[in-house]
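Each residue of the sequence shown is one higher than the last, beginning at 1 in the UniProt record's numbering.
Accompanying notes for the structure given below.
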Amino acid sequence: MPETPLADTHHEHEVQLGPSDAQDDEDYDSGIDEASSTRSSLASLRSSIFEFYEENGRTYHSMSAGKYFMPNDASEIERLDLQHHLFRLTFDEAICLCPKKDGAKRVLDLGTGSGIWCIDYADIHSEAEVIGVDLSPVQPDFLPPNCSFEIDDLEMDWTWSKSFDFIFSRFMTGSFADNAAIVKKVYDQLEPGGYFETQDMALPIGCDDGTLGEDSGLWIWMTWLMKSMEAMGRPLSAAQNWKSLMEEAGFEDVVERIYKWPTNGWPRDPKYKRLGQWALYDMDPVLESAILAPITRALGWSHEEALLLAANARKVLRDPKVHAYWPIYVVYGRKPIAERKQNAEKATA
Numbered sequence: 001m002p003e004t005p006l007a008d009t010h011h012e013h014e015v016q017l018g019p020s021d022a023q024d025d026e027d028y029d030s031g032i033d034e035a036s037s038t039r040s041s042l043a044s045l046r047s048s049i050f051e052f053y054e055e056n057g058r059t060y061h062s063m064s065a066g067k068y069f070m071p072n073d074a075s076e077i078e079r080l081d082l083q084h085h086l087f088r089l090t091f092d093e094a095i096c097l098c099p100k101k102d103g104a105k106r107v108l109d110l111g112t113g114s115g116i117w118c119i120d121y122a123d124i125h126s127e128a129e130v131i132g133v134d135l136s137p138v139q140p141d142f143l144p145p146n147c148s149f150e151i152d153d154l155e156m157d158w159t160w161s162k163s164f165d166f167i168f169s170r171f172m173t174g175s176f177a178d179n180a181a182i183v184k185k186v187y188d189q190l191e192p193g194g195y196f197e198t199q200d201m202a203l204p205i206g207c208d209d210g211t212l213g214e215d216s217g218l219w220i221w222m223t224w225l226m227k228s229m230e231a232m233g234r235p236l237s238a239a240q241n242w243k244s245l246m247e248e249a250g251f252e253d254v255v256e257r258i259y260k261w262p263t264n265g266w267p268r269d270p271k272y273k274r275l276g277q278w279a280l281y282d283m284d285p286v287l288e289s290a291i292l293a294p295i296t297r298a299l300g301w302s303h304e305e306a307l308l309l310a311a312n313a314r315k316v317l318r319d320p321k322v323h324a325y326w327p328i329y330v331v332y333g334r335k336p337i338a339e340r341k342q343n344a345e346k347a348t349a
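Structure (structure tokens):
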């Protein structure tokens, strides 16, 4: 089993400088050497972030290596862009549902991936400042002037000095060891009246007519994926819990909506048939990419065993006689406006 680097790149990139003949000169300025050391260290850190590591034939993020289970190579970035299109089909071309789909001033996207959501939001709302954050620097260079990306680990301390009025996340289940802690950070980083919206996929896979058996390759794949992620301490349970976590953190007027993505084009309804066809394109490669890291890292399976598991699941995923679907949860809520008044009263006290 390939060994997974788990070192935190925030702390490991120090450049060792050898002795310099200049230090013997009377006019030597130690500040020059310190500045050079700082520049070298920063250059080394930036370089390390772009040096992805390879595992089972896929590449993964190097910052806080080993935390996120999905790869970051070109095929995955292309898939994420396709997935964005699938969400737009689901929402009749909208990219989010909360009231901040219009009118936001400062927007933060957690785990932005390819960055396509940020770019779309920034294009639609030129008045908004849009920031995307991810462990991997895989976003494009050509961006709207009001859009930018940052590479950071969201499980570490957040250091933004300004509040946001809209924080967004998509498909972050399995990304965090403590989802409640992330929701608390979101709550604290929002200004009063600001919104948090999550869009996530839930497991287990849904089926309402019994055509997906628990002995099928797809169900077995899902079961092992969930076991693997639990063993890694990052269970795939965020989607069903976002609503309660947001309410416990203090959000009000929390809304939960549940959608269905058919596993293929099995539905008769034209819209759902189209959704299923696109979902098949999106999820077919996930059967391999999602299982590889968790099951080899946490449970010790071989690369070949993981590929066989995915291949058996793929047969079921593509079978139109199996009427299964992926549950999609959208949850959003508002930070109470009353806090604005309370903060003002404290400031004048």
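We put the beta carbon where it would ideally sit given N, CA and C, even for glycine.
Here the structure is a predicted model, which is why all the values come from computation and not from measurement.
{"Query": "Sequence-distant residues of its chain with Cβ nearer than 6 Å to Q139 (five each side left out)", "Result": "G115 and F149"}
{"Query": "First and last residue of the uninterrupted alpha helix (DSSP H) at C118", "Result": "I116 to I124"}
{"Query": "Inside the segment 160 to 224 only - beta strand (DSSP E) runs reaching at least 3 residues", "Result": "164 to 170 and 190 to 201"}
{"Query": "H61, buried or exposed, once every other Cβ within 10 Å from all chains shown has been counted against 16", "Result": "buried"}
{"Query": "Assumed close pair V255, G333 - CB separation to whole angstroms, cut-off 8 Å", "Result": "7 Å"}
{"Query": "7 Å Cβ cutoff met for G132 and D152", "Result": "no"}
{"Query": "Element boundaries [alpha helix (DSSP H), containing residue 350]", "Result": "Examination of residue 350 is not possible in this model, given that the chain is present from 1 through 349 alone."}
{"Query": "Reduced DSSP category for R58 - H, G, I as helix; E, B as strand; rest coil", "Result": "strand"}
{"Query": "Residue from Q199, R106, L143 and D200 with nearest C-alpha to W160", "Result": "R106"}
{"Query": "Spatially closest choice to E51 from L135, D157, P262 and L287, by CA coordinates", "Result": "L135"}
{"Query": "Outcome for residue 353 when other beta-carbon atoms lying within 10 angstroms are tallied against a minimum of 16", "Result": "The shown model of the chain, from 1 to 349, leaves out residue 353, and the question about it has no answer."}
{"Query": "Reduced DSSP secondary structure (H/G/I, E/B, other) of F91", "Result": "coil"}
{"Query": "Any C-beta of chain B under 7 Å from that of L236", "Result": "Going by chain labels, chain B is absent from the structure shown, which holds only one protein chain."}
{"Query": "Straight-line gap, A338 to L287 (C-alpha atoms, nearest Å)", "Result": "45 Å"}
{"Query": "Those residues which DSSP pairs with L110 across a bridge", "Result": "V133 and S169"}
{"Query": "Spatially closest choice to F69 from A298, V331 and T223, by CA coordinates", "Result": "A298"}
{"Query": "Reduced DSSP category for S227 - H, G, I as helix; E, B as strand; rest coil", "Result": "Correcting the residue identity first, residue 227 is Lys in this sequence and not Ser. Three-state result, K227: helix."}
{"Query": "Selection from H303, F166 and T198 that minimises the alpha carbon distance to N179", "Result": "T198"}
{"Query": "At least three beta-carbon pairs within less than 8 Å, the segment 233 to 249 to the segment 307 to 314", "Result": "no"}
{"Query": "Coarse secondary structure for P144, derived from DSSP in three states", "Result": "coil"}
{"Query": "Spatial neighbours of G113 in its chain, beta-carbon cut-off 7 Å, leaving aside the 5 residues before and after", "Result": "L80 and D134"}
{"Query": "Rounded Cβ spacing between A177 and G233 (contact assumed at less than 8 Å)", "Result": "5 Å"}
{"Query": "Buried versus exposed, by CB contacts within 10 Å (16 or more), P270", "Result": "exposed"}
{"Query": "Counted within 10 angstroms of its Cβ, other Cβ atoms place I182 as buried (16 or more) or exposed", "Result": "buried"}
{"Query": "CB of A324 within 7 Å of CB of I220, strictly", "Result": "no"}
{"Query": "Pair within 7 Å by beta-carbon distance, P327 and A238", "Result": "no"}
{"Query": "Where P262 sits in the DSSP three-state scheme", "Result": "strand"}
{"Query": "Secondary structure of V138, DSSP reduced to three states", "Result": "coil"}
{"Query": "Local conformation of W301 per DSSP, three classes", "Result": "coil"}
{"Query": "Pick from Q83, V331 and E304 that is closest to N56, judged by C-alpha positions", "Result": "E304"}
{"Query": "Residue range of the alpha helix (DSSP H) that includes W242", "Result": "A238 to A249"}
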